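K.L.:
In terms of my numbering, the sequence shown is residues 20 to 84. Structure in structure tokens, see below.
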Amino acid sequence: MTRSTNKLAVPGAESALDQMKYEIAQEFGVQLGADATSRANGSVGGEITKRLVSLAEQQLGGYQK
């Protein structure tokens with residue numbers, strides 16, 4: 020198992036990000052893990068990024084979908 024070297028800006032956010040990851044994987048019908056394809060795992064990561072950017076834009080009062 021690899022250890023992530025990325026530091027989170029907000030302590031304690033890891034559990035919320037993990038929850039988001041598994042919710043998105045379930046929505047997409049993706050089983051996360053080493054047996055999944057890079058494309059499947061990457062689609063979950065891409066969606067996380069899109070949602071986090073959207074949340075930040077809403078908080079900043081910017082563009083909203």
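We put the beta carbon where it would ideally sit given N, CA and C, even for glycine. What you are looking at is a predicted structure, and each value in this text was computed from that prediction instead of being measured.
1. Measuring straight from C-alpha to C-alpha, what distance separates M39 and G64?
2. I'd like to know whether the C-beta atoms of E76 and I43 end up nearer to each other than 7 Å.
3. Measure the alpha-carbon distance for T56 versus G48 and round it to whole angstroms.
4. Return helix, strand or coil for Q50, following the three-state DSSP convention.
P.N.:
Reading it off the structure:
1. To locate residue 39, count along the sequence shown from 1; it is residue 20. To locate residue 64, count along the sequence shown from 1; it is residue 45. Looking at the two C-alpha atoms, the distance is approximately 10 Å.
2. In the sequence shown, counting from the first residue as 1, residue 76 sits at position 57. In the sequence shown, counting from the first residue as 1, residue 43 sits at position 24. No, these two residues do not count as a Cβ contact at 7 Å.
3. On the sequence shown, residue 56 is found 37 positions in, with the first residue counted as 1. On the sequence shown, residue 48 is found 29 positions in, with the first residue counted as 1. The straight-line gap from Cα to Cα measures roughly 13 Å.
4. Taking the sequence shown and counting its residues from 1, one reaches residue 50 at position 31. In this structure, Q50 counts as coil in the three-state DSSP scheme.
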